[in-house]
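Quick notes on the structure that follows.
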Amino acid sequence: MKTLSLNRTYFQRLLESSPDIIIAVDREGMITFYNDGARTGLGYSSEEIIGQHCTRIYPSLEEARRVMKAMREGDNVRISSFETVLRDKAGELIPVMISGSLIHDDDGKEAGSIGFARDIRRMRHAQQLATAGEIAVSLAHEINNPLESIINNIDLLSRCMEGRLNEAEKVVENERLDSIRNSIDRVQAIVRRLDDMTRKGEYETRDYLAGKRMADLAPRETPKERVHEAPHSPDSFPLEGMSVIVLDDDVAVVNSLADILRAERCIVNCATRPSAAFGILRNVTVDAVISDVVMPEMDGYDFYLKVKEEMPNLPVILMTAYYYDKDHILKRSRLRGLEGALFKKPVNPAKLRSMLIQLKHKAQQAKLDARAAAIAAKAAAQQ
């Protein structure tokens, strides 16, 4: 088998065709080698750059000296993955990660240096997206919890107005409340925009001052005009007497949801930790539990499984302030039998009311069915 001769010309061709930026300079800092990757990345032709001082591709002499100083500081006279900045023909600064070493002649004297640089803009872009993703998850949670309290209190205010204002006054006040609701919708749309942007791998920016940019979080969805919906009849309380536990580690969410349900004449018990909720469940008859997903002690999935183990027929409603169910808590809970809709904060009070009504009717029907089955079994036994 013929052995390939790895001569100097062959190595030079390898360096020449590398997609990385490879540049060699002599001991005076004059550029002596400039490959295809450098031509593509920096925009200069070989004729424009060979023989030029290295400050042509660095933003300053100080930056060039910083790289050379780093190369001489170690015992191995080389650097690895050293971050610096190069300047292309158009004047744009390009962040790069450079590895390189000093070159010595046959007498051991320093003859120059060679550097292998890789454009890290894509890597930084990916890091920005990862950071933005973490921010989006946290932002959704930290914003949606107070929005939950605001929406619940708006609903309570709307109810209070019904019996205390005349029709003309109601129109004015409802317009004000709807303006608040529309602003809440916009805040939610902005958080969703950040969430969508990070999950799709986009990071869009726009100018806000000369030479400065900001993330473009303007909502892409068309805002829907909110039409005022009058509260249900003050004489109708379909949830009256229903016993409910509200479990959330955010006290404002617990209190506002409890106020909403008490206005429906529900019997409400509150807890900010799963252990406290189980203390109530083991001592009080409860018709439903409304629980947060992310909590201390255990998450919503583990809480749901434990409730199901101890009280198989007790309905549980899970709600979360996060837009992205990273740990699939909601999905896993559904697969294990969680019934009905799963709400994301801020919870729509009307939808919550509707779901609780369905759960109450289902429980009533189950009791009727059990009673009918018992009567049928008794009748059959007497024949």
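Numbering of the sequence shown is given in the numbering used here, commencing with residue 963 and proceeding in unit increments. C-beta atoms are modelled at their ideal positions from N, C-alpha and C, and glycine is treated no differently.
Asked	Found
Whole angstroms is fine: what's the gap from Ile1076's alpha carbon to Glu1054's?	22 Å
Please name the residue or residues paired with Gly1077 in a DSSP beta bridge.	Ile985, Gly1062
Given that a residue counts as buried once 16 or more other Cβ atoms are within 10 Å of its Cβ, and exposed if not, what is Asn1245?	exposed
How would you call Met1030, buried or exposed, if buried means at least 16 neighbouring beta carbons within 10 angstroms?	buried
Looking only at its chain, what residues have a beta carbon closer than 7 Å to the beta carbon of Ser1237, apart from the 5 residues adjacent to it on each side?	Glu1259
If you count every other CB in all the chains shown that lies within 10 Å of the CB of Ile997, and 16 or more means buried, which is it?	In the sequence under discussion, the amino acid at residue 997 is Asn, which differs from the Ile named in the question. So Asn997 ends up on the buried side.
Would you mind listing the alpha helix (DSSP H) stretches within the region 1005-1070 that are 4+ residues and don't spill past its ends, in chain order?	1008-1011, 1023-1035
Which same chain residues end up closer than 6 Å to Ala1338 when comparing Cβ atoms and leaving out the 5 residues on each side of it in sequence?	none
Taking the Cβ atom as the reference point for each residue, do Val1134 and Leu1109 lie within a distance shorter than 8 Å?	no
On the premise that Met1176 lies in contact with Thr1167, defined as a C-beta separation below 8 Å, what is that separation, rounded to the nearest angstrom?	6 Å
Pick helix, strand or coil for Lys1174, following the three-state DSSP scheme.	strand
Drop a sphere of 10 angstroms on the beta-carbon of Asp1261, count the other beta-carbons inside from all chains shown, and report buried for 16 or more, exposed for fewer.	buried
Since Asp1069 contacts Gly1005 with CB under 8 Å, what's their CB separation in whole angstroms?	That belief does not hold up - the Cβ atoms of Asp1069 and Gly1005 are roughly 37 Å apart, past 8 Å.
Taking the alpha carbon of Glu990 as the reference point, which residue from Leu1064, Ser1316, Ser1198 has its own alpha carbon closest?	Leu1064
CA-CA distance, Pro1311 and Ile1222?	8 Å
For Val1230, which residues from the same chain have a beta carbon less than 7 Å from its beta carbon, with the 5 sequence-adjacent residues on both sides left out?	Val1206, Val1208, Ala1220, Leu1223, Arg1224
Check whether the Cβ atoms of Gly999 and Ile983 lie closer than 8 Å to each other.	yes
Using the three-state DSSP reduction, which class does Asp1264 fall into: helix, strand or coil?	helix
Is Gly1062 closer than 8 Å to Met1033 when the C-beta atoms are compared?	yes
Under 8 Å by Cβ, that's how I've got Pro1274 and Leu1321 pegged, so tell me the actual separation to the nearest angstrom.	About 15 Å separates the two Cβ atoms, so there is no contact after all.
Which of helix, strand or coil does DSSP assign to Asp1140?	helix
Locate the beta strand (DSSP E) running through Ile993, then write down its first and last residues.	993-996
Can you tell me where the alpha helix (DSSP H) holding Val1099 begins and where it ends?	1083-1124
Quick one: what's got a C-beta closer than 6 Å to Ile1279's C-beta in the same chain, skipping five residues either side?	Ile1252
For Phe1265, which option in Met1317, Thr1247, Leu1243 has the closest C-alpha, if you only look at C-alpha atoms?	Leu1243
Which ranges would you report for the beta strand (DSSP E) in the region 1192-1248 if only whole runs of at least 3 residues count?	1205-1209, 1229-1233
Alpha carbon to alpha carbon, how far is Leu1318 from Asp1254?	16 Å
At a cut-off of 7 Å, would you count His1103 as near the ligand ZN, judging by its Cβ distance to the nearest heavy atom?	What this structure holds is no ligand at all, so the ligand ZN is not there to describe.
With a 10 Å radius around its C-beta and 16 neighbouring C-beta atoms as the bar for buried, classify Thr1282 as buried or exposed.	buried
Short of 6 Å in beta carbon distance, which residues of its chain neighbour Phe995, apart from the five on each side in sequence? Order them along the chain.	Ala986
Starting from Ala1250, trace the beta strand (DSSP E) in both directions and tell me its first and last residue.	1250-1254
Per DSSP, Leu1280 forms a beta bridge with which residues?	Ser1253
Among the residues of its own chain, which have a CB less than 6 Å from the CB of Met1204, if the five just before and after it don't count?	Cys1228, Asp1249, Lys1322
Buried or exposed for Lys1428, going by 16 or more other Cβ atoms inside 10 Å?	Any property of residue 1428 remains undetermined from this structure, which presents the chain solely from 963 to 1345.
Here's the rule I'm using: 16 or more other beta-carbon atoms within 10 Å means buried, otherwise exposed. How should Leu1048 be labelled?	buried
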